[in-house]
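First residue of the sequence shown? That's 1 in full-length UniProt numbering, and the numbers climb one at a time after it. Don't be surprised by glycine CBs; every beta carbon is placed ideally from N, CA and C. Notes to accompany the following structure.
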Amino acid sequence: MHGTLSTELEVNVPAHEAWELYGTLHLTDVTHFFEKIEVLGGDGAVGTILKFTLPEGATAFSTYEEKYTKVDNKKMIKEAEIIEGGYLDLGFTMYRTRFEIIKKSKTSCVTKTTIEYDVKEEDVANFTHVSILPMISIMKDAAAYLLANHTSED
């Protein structure tokens with residue numbers, strides 16, 4: 001079974017300013033959803049591997065590792081796939097997140113997050129563990145950071 005979830009949030013900062021956060025490892029510093037985030041390798045480019053530890057009871061699993069599979073600075077898109085633990089332990093064969101920054105005007109943009117997943121038929125009931133809420137939390141933390149650190153010179 002294949003599934004997709006998506007959400008958007010408008011932020012009153014220029015798109016390039018939002019991408020300076022989303023397109024780098026700095027995003028991991030501003031989110032409060034995770035208990036711990038470790039960089040296992042890489043500098044934020046394609047191939048970077050991160051290990052996430054979640055608060056107890058937050059999800060059906062406590063840790064997972066993901067790898068950046070796409071970082072497009074021109075289109076302002078970053079994709080990552082889980083490569084160990086997490087949803088893969090629940091019968092998913094693919095779990096990908098995508099962040100996109102979409103320019104709306106000179107002074108505002110839309111941050112868009114998409115989750116794509118494939119789950120084995122025998123584990124299809126586990127799709128109920130997929131939620132966009134953690135991504136919304138990350139987007140809200142990022143928006144608060146961006147607005148607090150925005151320079152009006154743009």
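| query | Is the number of C-beta pairs between the stretch 113–128 and the stretch 24–43 that are closer than 8 Å three or more? | reply | no
| field | Three-state secondary structure (DSSP) of G86 | value | Annotated three-state conformation of G86 is helix, per DSSP.
| CA-to-CA distance, M76 to E56, given in whole angstroms | 33 Å
| task | Using three-state DSSP, classify D154 as helix, strand or coil. | result | Low per-residue confidence applies at D154: pLDDT is 46, beneath 50, and the placement is therefore not dependable, though the value from the model is reported in the following sentence. Note: D154 maps to coil in three-state DSSP.
| said: Is there a C-beta anywhere in chain D that falls below 8 Å from the one on I101? | reply: Absent here is chain D; the protein component of the structure consists of one chain.
| request: Any chance you could list the beta strand (DSSP E) runs of at least 3 consecutive residues sitting entirely within the stretch 43–101, in chain order? | output: With a minimum length of 3 residues, the continuous beta strand (DSSP E) runs that stay inside the stretch 43–101 are 49–53, 63–72 and 77–85.
| If we call anything under 8 Å between Cβ atoms a contact, is T113 one with T7? | Cβ distance < 8 Å, so T113 and T7 count as in contact.
| Nearest candidate by alpha-carbon position, reference A144, set V11, G85 and V46 | V11
| message | Cutting at 7 Å between CB atoms, please list the residues of its own chain near I138, excluding the five before and the five after it. | response | T31 and F33
| message | Using C-beta distances below 6 Å, list every residue in its chain close to residue 165, excluding the 5 sequence neighbours before and after it, in chain order. | response | With the chain running from 1 to 154 in the structure shown, residue 165 is simply not present.
| What do you get for E100, buried or exposed, if any count of 16 or more other CB atoms within 10 angstroms of its CB means buried? | Here E100 is buried: its Cβ has 16 or more other Cβ atoms, across all protein chains shown, within 10 Å.
| field | Span separating the alpha-carbon of residue 155 from that of N149 | value | Because the chain is modelled from 1 through 154, residue 155 falls outside the range shown and cannot be assessed.
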